[in-house]
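Peer 1: Below you will find the structure I want to go over with you.
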Ligand SMILES: [Zn+2]
Ligand SMILES: [Zn+2]
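In the numbering used here, the protein residues as written are 30 to 305.
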C-alpha cells in the first residue's frame, strides 16, 4: 500500500500565499486521510536576485526568518506526532550560476531536512533573472524577444531542469524535481508550445532522474491555473518514471488550507491505480 502523502505544501512563511497557521492545513490533511505531509517552503533568495524589490519581497522569506521557519515546523512535528507524519522540507530554487548560495543556506540544516523539492522558477531573461511563473505579461516581457521563439525558451527551461537534477543529486535527503512541466503554466496565453519538443525533453529527464536518485513532484497546481489546466507531470512522464523506478510523489502545492488534497482523485487514477 502506498503511503497517502502530500509532498509539496506551503505555509505562512510564503508571502505570496496565505497567513493561515499550519494546523489549519494539517487538520484538513488528517481529515482527508493523509499519512505524511511534507512542508516545503520557498527559502530565501540572494539579494537582488530579481531586479524588482516589490516582487522579491513576495517571492521568498528573508534569510533571517529561516530559523523561525524550522522551529515552527519542528513544533508542528512534535504536536502532530501519532496523528500525521510532518516532514521538514524546503522547495529549493535552482539558482543558475548561484548554486553556492543554496549550498550555504542549506548547510546548517542538512541533518534535519527530510525532503527537498528542487524547482526551476527563474531563467535568464531581459534585464537579468526573471520568473517563469509570475504572470503571462511578465513572461512575454522577460523572454519572448530575448529568446526569439517559444522553442528556444522551452529548450533553455529544460536545460535548467537538467542542471537542477544534477545539483539535487548531491543532496543527502529525499529529493524531487518540482513541477517539471511548469513552463506550460501560461501556455494558453502565449504563442503555441510544440508538444513533441516538450515530451522529448521530459522523457530525456527520466534516465537522469533515475541515475541521480531524484523523484518527481506530481504537482497538480496546474489544474488550478486557468491558462494551464493540466498536471505539471503528464502521463507520458509518469509512465516512463514508473518503468525506470523514479519515485512519483503527489504535490498539492497548496498555498491555502482549502487546496490541501486538491485533485488527489487525479493522482489516484493516473499514478496509483495504474501502478496496481
Ligand atoms: Zn509559492
Ligand atoms: Zn514551485
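The beta-carbon is built from N, C-alpha and C at its ideal position, and this holds for glycine as well. These numbers come from a predicted model, not from an experiment.
Which residues count as close to ligand 2 when the rule is a CB under 6 Å from any of its heavy atoms, in chain order?
Peer 2: 120, 148, 150, 207 and 208
Peer 1: To the nearest angstrom, report how far apart residue 113 and residue 140 are at their CA atoms.
Peer 2: Working through the chain shown from its first residue, we reach residue 113 at position 84. Working through the chain shown from its first residue, we reach residue 140 at position 111. Rounded to the nearest angstrom, the two C-alpha atoms are 21 Å apart.
Peer 1: Taking residue 76 as the reference, which of 92, 67 and 62 has the closest Cα?
Peer 2: Reading the chain shown from its first residue, position 47 is the one you call residue 76. Answer by Cα proximity: 92.
Peer 1: With a Cβ-Cβ cutoff of 9 Å, do residue 151 and residue 89 count as a contact?
Peer 2: Against the chain shown, residue 151 aligns to sequence position 122. Against the chain shown, residue 89 aligns to sequence position 60. In this structure, residue 89 does not lie closer than 9 Å to residue 151 by Cβ.
Peer 1: Tell me the DSSP secondary structure of residue 95 in three-state form.
Peer 2: As a first step, residue 95 must be located in the chain shown, where it is residue number 66. Reduced to three states, the DSSP call for residue 95 is helix.
Peer 1: For residue 269 and residue 227, which I take to be in contact (beta-carbon distance under 8 Å), what is that distance rounded to the nearest angstrom?
Peer 2: The count along the chain shown starts at 1 and reaches residue 269 at position 240. The count along the chain shown starts at 1 and reaches residue 227 at position 198. About 13 Å; that fails the 8 Å criterion.
Peer 1: Could you check how far apart the C-beta atoms of residue 274 and residue 248 are, in whole angstroms? I think they sit under 8 Å.
Peer 2: Working through the chain shown from its first residue, we reach residue 274 at position 245. Working through the chain shown from its first residue, we reach residue 248 at position 219. That belief does not hold up - the Cβ atoms of residue 274 and residue 248 are roughly 20 Å apart, past 8 Å.
Peer 1: Got a sec: does ligand 1 put a non-hydrogen atom nearer than 8 Å to the Cβ of residue 43?
Peer 2: Here residue 43 refers to the residue found at position 14 of the chain shown. For ligand 1, at least one heavy atom lies less than 8 Å from the Cβ of residue 43.
Peer 1: Determine the direct distance from the alpha carbon of residue 301 to that of residue 72, and round the result to whole angstroms.
Peer 2: Looking up residue 72 in the chain shown gives position 43. Looking up residue 301 in the chain shown gives position 272. About 31 Å.
Peer 1: Within 8 Å: the Cβ of residue 35 and any heavy atom of ligand 1?
Peer 2: The residue you call residue 35 lines up with position 6 of the chain shown. No, the beta carbon of residue 35 sits no closer than 8 Å to any heavy atom of ligand 1.
Peer 1: Assuming residue 109 contacts residue 55 under a Cβ cut-off of 8 Å, what Cβ separation, rounded to an integer in Å, is found between them?
Peer 2: As a working note, residue 109 is residue 80 in the chain shown. As a working note, residue 55 is residue 26 in the chain shown. So it is a contact: roughly 6 Å between Cβ atoms.
Peer 1: In its own chain, which residues sit with a C-beta less than 8 Å from the C-beta of residue 216, not counting the 5 before and 5 after it?
Peer 2: Indexing the chain shown from 1 puts residue 216 at position 187. Only 222, 256 and 257 meet the Cβ criterion.
Peer 1: Only counting runs of 3 or more residues, tell me where the beta strand (DSSP E) segments fall wholly within the region 59-147, in order along the chain.
Peer 2: 65-70 and 114-122
Peer 1: Going by CA-CA distance only, name the one from 292, 297, 115 and 288 that's closest to residue 47.
Peer 2: The residue given as residue 47 occupies position 18 in the chain shown. Per the Cα distances, 288.
Peer 1: Starting from residue 210, follow the alpha helix (DSSP H) in both directions and report where the run begins and ends.
Peer 2: Numbered from its first residue, the chain shown carries residue 210 at position 181. Note, residue 210: premise wrong, no alpha helix (DSSP H); not H, not E.
Peer 1: With distances taken Cα to Cα, identify the nearest neighbour of residue 251 among 33, 210 and 219.
Peer 2: Here residue 251 refers to the residue found at position 222 when the chain shown is read from its first residue. When only C-alpha atoms are compared, the closest one is 210.
Peer 1: Please determine whether the Cβ atom of residue 177 lies at a distance below 8 Å from any heavy atom of ligand 1.
Peer 2: For the purposes of this step, residue 177 is taken as the residue at position 148 of the chain shown. No - ligand 1 has no heavy atom lying nearer than 8 Å to the Cβ of residue 177.
Peer 1: So for residue 165, helix, strand or coil by DSSP?
Peer 2: Here residue 165 corresponds to residue number 136 of the chain shown, with the count starting at 1. Note: residue 165 maps to helix in three-state DSSP.
Peer 1: Please list, in chain order, all residues of the same chain as residue 261 whose beta carbon is under 6 Å from its beta carbon, the five residues on each side excluded.
Peer 2: Numbered from its first residue, the chain shown carries residue 261 at position 232. Excluding sequence neighbours, residue 261 sits near 208, 210, 211, 248 and 251.
Peer 1: Assuming contact is defined by CB atoms lying nearer than 9 Å, are residue 42 and residue 101 in contact in what I supplied?
Peer 2: Position 13 of the chain shown, counting from 1, holds the residue named residue 42. Position 72 of the chain shown, counting from 1, holds the residue named residue 101. Yes. Within cutoff.
Peer 1: Tell me whether residue 292, by its Cβ, gets closer than 8 Å to a heavy atom of ligand 1.
Peer 2: Taking the first residue of the chain shown as position 1, residue 292 is located at position 263. No - ligand 1 has no heavy atom lying nearer than 8 Å to the Cβ of residue 292.
Peer 1: Check whether the Cβ atoms of residue 68 and residue 115 sit closer than 9 Å, and answer yes or no.
Peer 2: Here residue 68 is taken as the residue at index 39 of the chain shown, counted from 1. Here residue 115 is taken as the residue at index 86 of the chain shown, counted from 1. Yes, the pair counts as a contact, with Cβ atoms nearer than the cut-off.
Peer 1: Under 9 Å between the Cβ atoms of residue 87 and residue 39?
Peer 2: The residue given as residue 87 occupies position 58 in the chain shown. The residue given as residue 39 occupies position 10 in the chain shown. Cβ distance not < 9 Å, so residue 87 and residue 39 don't count as in contact.
Peer 1: State yes or no: is the C-beta of residue 62 nearer than 8 Å to some heavy atom of ligand 1?
Peer 2: Indexing the chain shown from 1 puts residue 62 at position 33. It does not: the Cβ of residue 62 is nowhere closer than 8 Å to a heavy atom of ligand 1.
Peer 1: For residue 256, does the three-state DSSP call read helix, strand or coil?
Peer 2: The count along the chain shown starts at 1 and reaches residue 256 at position 227. Reduced to three states, the DSSP call for residue 256 is coil.
Peer 1: Less than 8 Å separating the Cβ of residue 223 from some heavy atom of ligand 1?
Peer 2: The residue labelled residue 223 in the question sits at position 194 within the chain shown. Not under cutoff, so the answer is no.
Peer 1: With residue 271 as the anchor, note down where its alpha helix (DSSP H) starts and where it stops.
Peer 2: To locate residue 271, count along the chain shown from 1; it is residue 242. Looking at the DSSP string, the run of the alpha helix (DSSP H) that includes residue 271 is 264-273.
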